[in-house]
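Reviewing the structure listed below.
Residue numbers (this note's numbering), protein chains in the order written: chain L, 60 to 170; chain H, 487 to 600.
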């Protein structure tokens, strides 16, 4: 069965520091990959997605992610964290038309 | 503005009651989805619909029911058979059900059983 693992239910970084949120997936076929962000008591918003082509994907709010097939990973990064980045981030894979979700990582920004 | 609306934002239910959560979209999307979100867990699929008058069970359909009489509407009923309904419910839609289609989410409804 397909699965998504997000390493770390909580990640804490200082404002201005690098953000790295990890996502690994298991899939027997090349998947489509997504990162979504959720602010408290709100719905999810698409940050970025990988379908085909360039493996480095740029998204909104300065985030980017790199698809590494050999490592079955799709880690999310941002060079410099801002207080407004505090939220929960979800990685998802789409081997077909359904999404398989990771458990989420809460990003905490320290002033 | 195009988007997905869910109502109400907060809903309280007494044990034994059925309640219906509303989801409306004006994106002209064919596919719609209902997810349940519990703390520390990813989203779990309850039901999805690829087209009007058709829907399929997801991973946790027991105790829930849906209808899709109109393209823009996909209401979810939480029945008294759902043993632990307190959760955050999210509705989503996508243009089609092709692999890689982006799902767009509504703001959610928080259901609490009293």
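Built from N, CA and C at the ideal position, the CB exists for glycine as well.
Would you say residue i and residue j are within 8 Å of each other, going by their C-beta atoms?
{"i": "residue 505/H", "j": "residue 564/H", "result": "yes"}
{"i": "residue 522/H", "j": "residue 546/H", "result": "yes"}
{"i": "residue 150/L", "j": "residue 78/L", "result": "no"}
{"i": "residue 153/L", "j": "residue 95/L", "result": "no"}
{"i": "residue 549/H", "j": "residue 568/H", "result": "yes"}
{"i": "residue 526/H", "j": "residue 533/H", "result": "no"}
{"i": "residue 67/L", "j": "residue 136/L", "result": "no"}
{"i": "residue 140/L", "j": "residue 72/L", "result": "yes"}
{"i": "residue 591/H", "j": "residue 103/L", "result": "yes"}
{"i": "residue 108/L", "j": "residue 588/H", "result": "yes"}
{"i": "residue 70/L", "j": "residue 166/L", "result": "yes"}
Could you tell me which residues DSSP pairs with residue i in its beta bridges?
{"i": "residue 579/H", "result": "518/H, 590/H"}
{"i": "residue 86/L", "result": "For residue 86/L, which the question treats as bridged, DSSP gives no partner whatsoever."}
{"i": "residue 216/L", "result": "The question about residue 216/L has no answer here: the residues shown for chain L are numbered 60 through 170."}
{"i": "residue 166/L", "result": "70/L, 146/L"}
{"i": "residue 493/H", "result": "508/H"}
Which whole-angstrom value is the C-beta distance of residue i and residue j, which I expect to be below 8 Å?
{"i": "residue 529/H", "j": "residue 576/H", "result": "7 Å"}
Exercise. Fully enclosed by the stretch 501-576 of chain H, which beta strand (DSSP E) runs are 3 residues long or longer?
Worked result: You should have 505-511, 517-523, 529-537, 540-543, 550-552, 562-564.
For this session: Report the residue ranges of all beta strand (DSSP E) runs contained in full by the stretch 92-159 of chain L; include only those spanning at least 3 residues, in chain order.
Result: DSSP runs (the beta strand (DSSP E)) wholly in the stretch 92-159 of chain L: 103-109, 115-117, 123-127, 132-137, 146-153.
For this session: Could you list the residues in the stretch 108-123 of chain L with a C-beta less than 8 Å from some C-beta on chain H, going in chain order?
Result: Of all residues in the stretch 108-123 of chain L, the ones placed with a Cβ closer than 8 Å to any Cβ belonging to chain H are 108, 110, in chain order.
For this session: Could you please tell me which residues of the stretch 487-517 of chain H, in chain order, have their CB closer than 7 Å to any CB of chain L?
Result: Residues of the stretch 487-517 of chain H whose Cβ lies closer than 7 Å to any Cβ of chain L: none.
Exercise. If you measure beta-carbon to beta-carbon, which residues of the stretch 524-539 of chain H are closer than 9 Å to chain L?
Worked result: Taking 9 Å as the Cβ-Cβ cut-off against chain L, the residues of the stretch 524-539 of chain H that qualify are 526, 527, 528, 529, 530, 531, 534, 536.
Exercise. At a Cβ cut of 7 Å, what residues of the stretch 76-87 of chain L count as close to chain H, listed as they run along the chain?
Worked result: Residues are counted here when their Cβ sits less than 7 Å from a Cβ of chain H; for the stretch 76-87 of chain L the count is zero.
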